[in-house]
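Working notes, beginning with the structure itself.
Residue numbers (the working numbering): 1489 to 1586.
The structure is reproduced here in structure tokens:
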């Protein structure tokens, strides 16, 4: 039977691997969000200025001004870009260490 210290070491290793997997999944989520957000301004640019734009907030669609929608999308792109950059930077840092 394995000793208690060996089991604790295995548990710590498993928790570390689970945390690493969670970080990778988070980064992939940013990549997907970023790709989607890059398409949104293109679609908004195709609309006429008087077009109705709606934003999904929870279970409700709320009418939004086109200029406001464009501004919100651009802010989200900036935020997701920063998060994705941080994730990639950290990933490269750890890849170099290993």
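The C-beta atom is built at its ideal place from N, Cα and C for all residues, glycine as well. All of these numbers come straight from a predicted model, not from anything done at the bench.
{"Check": "Report all residues from its chain with a CB closer than 6 angstroms to the CB of residue 1549; omit the five preceding and five following residues, and keep chain order.", "Outcome": "1542"}
{"Check": "Going by CA-CA distance only, name the one from 1562, 1494, 1572 that's closest to residue 1519.", "Outcome": "1572"}
{"Check": "If we count the other Cβ atoms within 10 Å of its Cβ and call it buried at 16 or more, is residue 1545 buried or exposed?", "Outcome": "exposed"}
{"Check": "Assuming residue 1554 contacts residue 1539 (C-beta within less than 8 angstroms), just tell me the rounded distance between them.", "Outcome": "6 angstroms"}
{"Check": "Determine whether the beta carbon atoms of residue 1521 and residue 1578 lie at a separation below 9 angstroms.", "Outcome": "no"}
{"Check": "Going by DSSP, what residue range makes up the beta strand (DSSP E) through residue 1549?", "Outcome": "1548–1552"}
{"Check": "Please state if the CB of residue 1565 and the CB of residue 1525 are separated by a distance shorter than 9 angstroms.", "Outcome": "yes"}
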